[in-house]
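Numbering (our numbering), first residue to last: 20 to 493.
Quick reminder that beta carbons are idealized off the backbone N, C-alpha and C, glycines included.
A short worksheet on the structure shown next.
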Amino acid sequence: MELIELIKQFASKQYLVVSHYPRGHLIIAGALCSLVLVLLILPLGDTDEEANGRTEIVLDIDLQQNVDTEQDQPDALTLSDFVITAEVAPQAATQPILEDVTLWQNIEVKSGDNLSTIFSKVGLSDQDLFRVLNSSDEAKVLNQVYPGYQLDFLIPPEGELEQLRLLKSPLEGFLFTLNNNNYDVESILNFPQLRPTFKVGSIADSLFMAGQREQIPAVTIMEMANIFGGVIDFILDPRAGDDFSILYDEKYLDGEFIGHGDILATQYTNQGKTFIAVRYSNEEGETGYYNAEGESMRKAFLRSPLDVFRISSNFNPSRRHPILNTIRAHKGTDYAAPRGTPIRTTSDGQVTRASRNGSFGNLVIVKHAGGFETKYAHLSKYANGVKKGKRVRQGDIIGYVGTTGSATGPHLHYEFLMGGVHQNPRTIIDKLPKAESIDPTEMDSFRMQTADLLKRFSDMNSTTFITLNQPSAD
Ligand SMILES: [Zn+2]
């Protein structure tokens, strides 16, 4: 049946993306261009015979859908787009074959659903299900279907399941195709289109609020705070007037936003001092953030033991006077924070104590390489599995803010010791051995990968921040 052939050709969404995005649009990707192009070109690597067939079909759709390939951001077509438009398009009435496209039935898996009920919803029997499940070993993936997954059924009028598409996410899934009473399984791998997005913000109250004002996703703000976690204590250091910028990817599939990607470059100016970090992946595929000189942003110790973003979006450090006492008063730094705020260990190490200790209340002590030790007191509770002997990595949650021991309000009492002697972590960290840098032999590769990005990022920053700081013209 010709129609079925036509529909099968649509199974590859990538091809449609390539076809409908004008080249000019792709070029926007700038420094990422090569990566994006590689991703977009990949699907074209299909066999020639298929490519020929698809070209004709896509042209066909262009005519019938009036897709304007000249417009700035045309929405690439998904199969469901096609179905809906085909139904309302004036031509549809005279093109009965297009109506048959609605043979696709799309079901989103809800909690409580099982395959049997889903199959019966689209008019298929348990025998039909059994046939698919037993067609191959790969078909067993159908036994692990979770809420949120998408199941698309193609059932022509004859009533036999022709194709079944299982999508775990818009990017990943499986396609089952009837072939001689059996089902062939192939995996679906869609590559998102990445659109770099540039945002700036400035601190008036809290970093979180600044992000909200500029409509920067919270997860991206948190990622920025993590990137700078070795150089800035995001509880104690931010001041009104600090500003920041982030260049990050947004992911699109078939013109539809599907999620936020990684930060490519970011800058934070804290009390007049500017830090810049750029993303770099080495040949082993390890990715990290570095300054322009290739020095890692990841330091031996995190500046702040609190992961304030995880729990309290409204926590506003500038109003709550996070330092209750000075370092001189009692050999530690106190961070006021709501009860339950997660506490993370500031460096890799081993827990040497996780138990009650007089006025410290619930206390965790972590021993680190190089004769360092950190203490975390007054915890409301320990994190799961945290006990004496447990190995921890930098940033691992070890417990939660509380008031145990002698504490007047919920806060974390944090101590930093070197060779058994109390130190002020806010000054000692700067004196610790220099951060890891890109190996000199790798610097060429580092520069090649980051130079364009850094240049573009710097241009964006200078344009934006000059504009922001210009006096009004009157
Ligand atoms: Zn204290």
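With a cutoff of 8 Å on beta-carbon distance, G418 and Y433 are scored as not near each other. Across the structure, Q413 and S399 are spaced so that their CA atoms are roughly 21 Å apart.
Here the alpha carbon of L143 sits roughly 24 Å from the alpha carbon of E191. Here F379 carries a helix assignment [DSSP, helix/strand/coil]. DSSP, read as helix, strand or coil, puts L122 in helix. Under the DSSP assignment, Q231 falls in the alpha helix (DSSP H) whose first and last residues are 226-232.
D353 counts as buried, since at least 16 other C-beta atoms from the protein chains shown sit within 10 angstroms of its C-beta. Taking C-beta separations shorter than 7 Å and ignoring five residues to either side along the sequence, the partners of N480 in its chain run S264, Q286, following chain order. For M241, the enclosing alpha helix (DSSP H) begins and ends at 237-246. Closest by C-alpha distance to V164, out of L134, D471, G359, is L134.
In this chain, T364 is not harboured by any alpha helix (DSSP H), its DSSP state being neither H nor E. For the set G424, E312, V383, the Cα lying nearest the Cα of S456 is the one of E312. For Q146, the secondary structure class from DSSP, reduced to helix, strand or coil, is helix. For the set D326, I295, A396, D268, the Cα lying nearest the Cα of D262 is the one of I295. Short of 7 Å from the beta carbon of M462, and not among the five residues preceding or following it, lie these beta carbons of its own chain, in chain order: G313. CA-CA distance, A319 to K187, rounds to 38 Å. Residue range 169-173 is occupied by the beta strand (DSSP E) that includes L173. Between G274 and G280, the alpha-carbon positions lie close to 15 Å from each other. Contact between the region 369-376 and the region 436-446 is not established, with fewer than three Cβ pairs separated by less than 8 Å. The closest CA to that of K394, considering only G131, Q468, T460, M437, is found on M437. Across the set F379, S374, R410, the C-alpha of R410 shows the shortest separation from the C-alpha of H387.
Straight-line spacing of the CA atoms in L170 and R184 works out to 6 Å.
For I295, the enclosing beta strand (DSSP E) has its first and last residue at 292-300. Under the three-state reduction of DSSP output, Q468 falls in the helix class. DSSP places V420 in the coil class of the three-state scheme, outside both helix and strand.
Taken from the Cβ of H387, every heavy atom of ligand 1 lies 7 Å or farther away. Rounded to the nearest angstrom, the gap between the Cα atoms of K292 and V385 is 31 Å. Within the region 156-218, the runs of beta strand (DSSP E) that reach at least 3 residues and sit entirely inside it are, in chain order, 169-173, 182-188, 191-198, 201-208. The three-state secondary structure of R475, taken from DSSP, is helix. Comparing alpha-carbon positions, the option among E181, K407, A355, N125 lying closest to G167 turns out to be N125.
A direct Cα-to-Cα measurement between E127 and S139 gives close to 14 Å. Here L325 is buried: its Cβ has 16 or more other Cβ atoms, across all protein chains shown, within 10 Å.
Between the C-alpha atoms of I235 and L266 there is a straight-line separation of about 11 Å.
Judged by the Cβ position, G351 qualifies as a neighbour of ligand 1 at the 7 Å threshold, a heavy atom of the ligand being closer than this. With a cutoff of 8 Å on beta-carbon distance, V297 and T469 are scored as near each other. Per DSSP, T427 lies in no beta strand (DSSP E) and is assigned neither H nor E.
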